[in-house]
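Working notes, structure below.
Numbering (the working numbering), first residue to last: 22 to 110.
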């Protein structure tokens, strides 16, 4: 009987979780807009919507580009371990 109760509780918990996820998705709505502006719109379109000129726009925040480092792996021969490899900075 305890195995049956465990399965029933597990099913009930899964049902509550799924209902919560569906409710959160329904409340979220359309996330592709901010106020009355559509994300991805170019500057000239937004300037005409606001009634301003493009020259009045200024950058408030600029994120630096992330350049990932490339790691070099030592070559491996079939069935034999790789030779000692030393990376120079």
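Positions of the beta carbon are idealized from the N, C-alpha and C atoms, including for glycine. Keep in mind it's a predicted model, so treat the numbers as computed, not measured.
Taking the Cβ atoms as the reference, residue 65 lies roughly 16 Å from residue 80, outside the contact range of under 8 Å.
Close CB contacts of residue 46 within its chain, under the 6 Å cut and outside five residues either way in sequence, are absent. When DSSP states are grouped into helix, strand and coil, residue 27 belongs to the helix group. As computed with DSSP, residue 58 is found in a beta bridge with 55. In the three-state DSSP reduction, residue 41 falls in the helix class (H, G or I).
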